[in-house]
Structure formats: C-alpha cells, structure tokens
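Down below is the structure, laid out as structure tokens.
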C-alpha cells in the first residue's frame, strides 16, 4: 500500500494504548497470509528478547529487542504473537510465532484469525 490504511493504524494504536493482546487479526502482506493475536510493541519486544536470551547461539542479540523508544507517534508496524503464516492446509509454525509486519505492506486484512480443519 502506498498509504497505510488509517483504520488498521487505529487498531494498532488501540492495542498499543490498551496494552491488550486479545485482538486477533489476519493480514495479507507480500502475498503471505499471517493470522494471530496482536501485541503491544513493548510486550512483543520483551518476549522476543526472552526467547533470544534463552538461546545458546543467539543470546547476544537479545539486547537489541530491549531498547525502548520514547516516540509517541502512530504505529508503523503490527506485532503478532501466537501467529502463523498460512501455507496450504497448515499454519507455520503450528505452535505460533512472533512476527512484525509493516502496516504499509498490508494489502488486505480482517478482524479475527483463520485456522484449518481436516473435518
């Protein structure tokens, strides 16, 4: 998108201001379908930092995600947790992952998440 969807920016701002992680969203970005719950950026960064800190090979990158910003501007990214990239009949990873998506890259979106069923 050349100009980010103002409604999607408002949704992201609401998640940020309420510090809630209950909003589920599905987006299409770069041809990929990503579905899951949004998290405030600070919460998302903390969780990524914890995962990296627990890794024997990636511990040194943990500090990158704990840096804070003091800017109070409109959100530019969506921060997904417990999210999956939908591919065929499966979601990758099955347990959910952490994704950061630029709002300007979202070409379509809907409230709620999608899942597949064999039934």
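Residue numbers (our numbering): 4 to 122.
A virtual CB, placed ideally from N, CA and C, is assigned to each residue, including glycine.
Predicted model, so just to flag it, every value in this text is computed and none were measured.
With a threshold of 6 Å on Cβ separation, who are the neighbours of residue i within its own chain once the five nearest residues in sequence on each side are excluded?
{"i": "residue 29", "result": "38, 113, 116, 117"}
{"i": "residue 48", "result": "68"}
{"i": "residue 3", "result": "Limits of the chain in this structure are 4 at one end and 122 at the other, which puts residue 3 out of reach."}
{"i": "residue 44", "result": "82"}
Helix, strand or coil: which one does DSSP assign to residue i?
{"i": "residue 110", "result": "strand"}
{"i": "residue 55", "result": "helix"}
{"i": "residue 115", "result": "coil"}
{"i": "residue 44", "result": "helix"}
CB-CB under 8 Å to residue i, same chain, minus the five flanking residues each way: which ones, in chain order?
{"i": "residue 50", "result": "42, 84, 101"}
Using a Cβ-Cβ cutoff of less than 7 Å, which residues in the same chain neighbour residue i once the five nearest sequence positions on both sides are dropped?
{"i": "residue 77", "result": "12, 16"}
{"i": "residue 105", "result": "79, 80"}
{"i": "residue 97", "result": "none"}
List the whole-angstrom C-beta distance separating residue i from residue j, where the pair is believed to meet the contact cut-off of C-beta under 8 Å.
{"i": "residue 26", "j": "residue 14", "result": "7 Å"}
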